[in-house]
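Here is the structure we will look at, set down as structure tokens.
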Amino acid sequence: MAIIYPKRIPLEIERDPRRKSERILFDSFREFLGDEVIVYYSRTWRTFNLDKNKESIFVNGEADFIIVWPDYGILVIECKGGGVEFKDGIYTTTNKNFEKIKIKNPYKQVDRSRYRIIEHILYKNLLGRTKFELTQSIIDGVFFPQSKRSSWGEFDIDQKYKQTGFEDNLKNIASWVKSLFITKLSDKGLRSFSEKDLVIIHKIFEPEGSCEFAFNTELIEPENFFAKGISPSLHQAKIISQLKYTSRNLICGSAGTGKTLIGIDALHRFSDLEKESLYVCNSQILAQTLRGKNQGISKNIEFYSFLEFLNKLIDILNKYEVTFDSKANTYNLIELIIKKTPYRCKTLVIDEMQDFDENIIPALARLTTKNGNFICLFDPQQNISNEAFSVDDLRSMYDFGNFQVLEDNVRNTPQIISFYQNICPSIKAVNCLSPNGPEIEIISLEKLNIKKLDNCINKLLKKFGLRSEELIILVKDHKEISDLRLSAININSLFSKLSFNFDCSNKIRVFNVEAVKGLESKAVLIWSDYKEFTETEKYVAMSRARSLLAFIELSS
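Its first residue numbered 1300, the sequence shown is counted upward by one per residue in this note's numbering.
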């Protein structure tokens, strides 16, 4: 029995009648290939092309199966289901309703995937092999598990016959795979893949592989990517596709792993015109920011801070003329709505759940319709004010049917992640997917002097080509914000650059650490003695920066 990743086929494939052919091959490879063989299913890749305006656009592709047989080589396979035919240069498949559907040329698809893999390994010099060695060691094939060889009649593409598998080949699939390799690598004068090579290959193709090698999670031009609007990474898209199978979903991940992105995507995906869908977070600033970014969307999608959400609960009770104690807590308000009103929402997303009282979580879940979605986004490491509660406690207490962990950071550069993880040793390590950025900018001062702040800002804007709205300033707490504002009033050139009300889009915004949770910026300047921060405060503050992190180092 072969080793296969993932060990179980994803739920959306298992339940999709159109993906039966992939399930057939998945089971056949796992059952009938030897234990020295490793199979990777659905390895996606991303590259970019130039559009007609010479702008970079991302292109995603997929290798349905990658078979690693150490003594024989690597085989990339494209799988097509239904009754596949080729006529007049066009490929079609016939589905269970006897409808003919045009499909892409599977041979071109697998050829692109094969060369994308070769280019990736060659570019990063992961296996210490030349291009000739890689092209001879990595081959491709196409498999039609629901098509018989005899139904093709004359094989119009005889030159590809030897690399094509049919239903007939399922009976002895190991022999078919071996026939494509023809002979061992050593018989061709090439090196077999060693144990060390297999470790690296696993890092390339395994879904949670190290980002240094990962084949399926490369991001190119990070700031262009983010500035043009974030779209889910391939791993995030996989998680999003699983959310519809359970009504309660818990997504846990460190800062920058895309929890909010997934929540917003799910909110749009699962909303409808009959019932409201709600996004609730503890931060007023984050809720306000998301409302601004989602203007013009369906009226049935709303964004609330927790205090705004409390007011909404009161409005609902007033609408249905339900009496309640003015001192009632959140739990009691929700219970009254559930018991005495017909109000239910279609989808409820709770972001930064670690900031909420854990006792109201089950009550919030009951606010959704019978077939609704309750999605909680959670990072226990960002809990600044409250006593932390664990993921295991949440899972056991509240029966979350779907639990996902995000470990790929899509926000911060390697320099930023390396720096804050070095000074915050208890923070969970993450895989960094963004390319390298500038080194950490350390500004040495004898003391925090408001006159120096104006100079520091001007130098950062000029040196890194930043616009004012691309830089935020962070201080430790509300007192430091008040002190900074009072001091800056006396320096007009500085005060005119700053915004303390979070609304001004063409100024540098100033936040304290707790208020900035959930937000991000191209550049961050920490205008405090960061060594006085708790470990959690350091982690929250520094992980806000996508590309540039600058801070003050005070001389002793």
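Even for Gly, the Cβ is constructed at its ideal location relative to N, Cα and C.
Since the structure is predicted, the reported quantities are computational estimates derived from the model, not experimental observations.
Three or more Cβ pairs closer than 8 Å define a contact, and the region 1432–1440 meets that threshold against the region 1411–1421.
In the DSSP annotation of this structure, the continuous segment of the alpha helix (DSSP H) that includes Ile1323 starts and ends at Lys1319 to Phe1331.
Scanning the region 1350–1438 from its first residue to its last, the whole alpha helix (DSSP H) runs of 4-plus residues come out as 1405–1422 and 1430–1436. For the 7 Å CB-CB criterion, Ile1825 and Leu1760 do not form a contact.
The three-state secondary structure of Val1476, taken from DSSP, is helix.
In the structure shown, Lys1669 adopts extended strand secondary structure according to DSSP, grouped into three states. Taking 7 Å as the cut-off, the beta carbon of Arg1710 is found closer than this to the beta carbon of Arg1845. Under the three-state reduction of DSSP output, Tyr1642 falls in the coil class, being neither helix nor strand. Thr1556 sits away from Asn1404, with the two beta carbons spaced by 7 Å or more. In the three-state reduction of the DSSP assignment, Glu1813 falls in the coil class, being assigned neither a helical nor a strand state. Contact between Ser1733 and Lys1645 fails: their C-beta atoms lie close to 34 Å from each other, not under 8 Å. The Cβ atoms of Leu1589 and Ala1565 lie no closer than 7 Å to each other. Under the Cβ criterion (8 Å, minimum of three pairs), the region 1731–1751 counts as touching the region 1713–1721. The residue among Ala1822, Gly1562 and Ile1780 with its C-alpha nearest the C-alpha of Ala1814 is Ile1780. When the Cα atoms are used, Ser1341 and Leu1484 turn out to be separated by approximately 25 Å. Residues Tyr1603 of the same chain have their beta carbon placed closer than 7 Å to that of Lys1611, with the five preceding and five following residues left out of the count. Excluding residues up to 5 positions away in sequence, Arg1665 lie with their Cβ nearer than 6 Å to the Cβ of Ile1637 in the same chain.
Within the region 1820–1844, the runs of beta strand (DSSP E) that reach at least 3 residues and sit entirely inside it are, in chain order, 1820–1825.
In the three-state reduction of the DSSP assignment, Phe1442 falls in the strand class. Setting aside the 5 residues that flank it on each side, Tyr1304 is surrounded in the same chain by Tyr1339 and Glu1505, each with a C-beta closer than 6 Å to its C-beta; the list follows chain order. Looking from the CA of Asn1672, the closest CA among Leu1647, Leu1663, Asp1654 and Ile1659 belongs to Leu1647. Separation of Gly1488 and Tyr1371 (C-alpha to C-alpha, rounded to the nearest whole angstrom) is 12 Å.
For Leu1765, there is no enclosing alpha helix (DSSP H), since its DSSP letter is neither H nor E.
Between the beta-carbon of Leu1783 and that of Phe1677 there is about 32 Å, and that puts the pair past the 8 Å contact cut.
The alpha-carbon of Ala1840 is positioned some 46 Å away from that of Ala1301.
In summary, Thr1429 is exposed, with fewer than 16 beta-carbon neighbours lying within 10 Å of its beta-carbon over all protein chains present. When only Cα atoms are considered, Gly1552 and Ile1659 end up about 21 Å apart. The alpha-carbon separation between Leu1847 and Val1823 amounts to approximately 6 Å. Leu1324 and Ala1473 do not touch by the CB rule: their CB atoms are close to 13 Å apart, not below 8 Å. With 16 or more other Cβ atoms inside 10 Å of its own Cβ, Gly1562 counts as buried.
If you draw a straight line from the Cα of Ile1615 to the Cα of Gln1594, it is about 24 Å long. Of the candidates Ile1539, Phe1442, Gly1388 and Glu1657, Ile1539 places its Cα closest to the Cα of Val1704. Leu1663 is the residue among Glu1620, Gln1653, Phe1794 and Leu1663 whose C-alpha sits nearest the C-alpha of Asn1631. By alpha-carbon distance to Phe1492, the top candidate from Arg1322, Gly1427, Lys1447 and Leu1469 is Gly1427. Considering only Tyr1406, Pro1713, Glu1573 and Cys1731, the residue with the shortest C-alpha distance to Gln1462 is Tyr1406.
Among the bridge pairs identified by DSSP, Cys1551 is matched with Phe1677 and Val1704.
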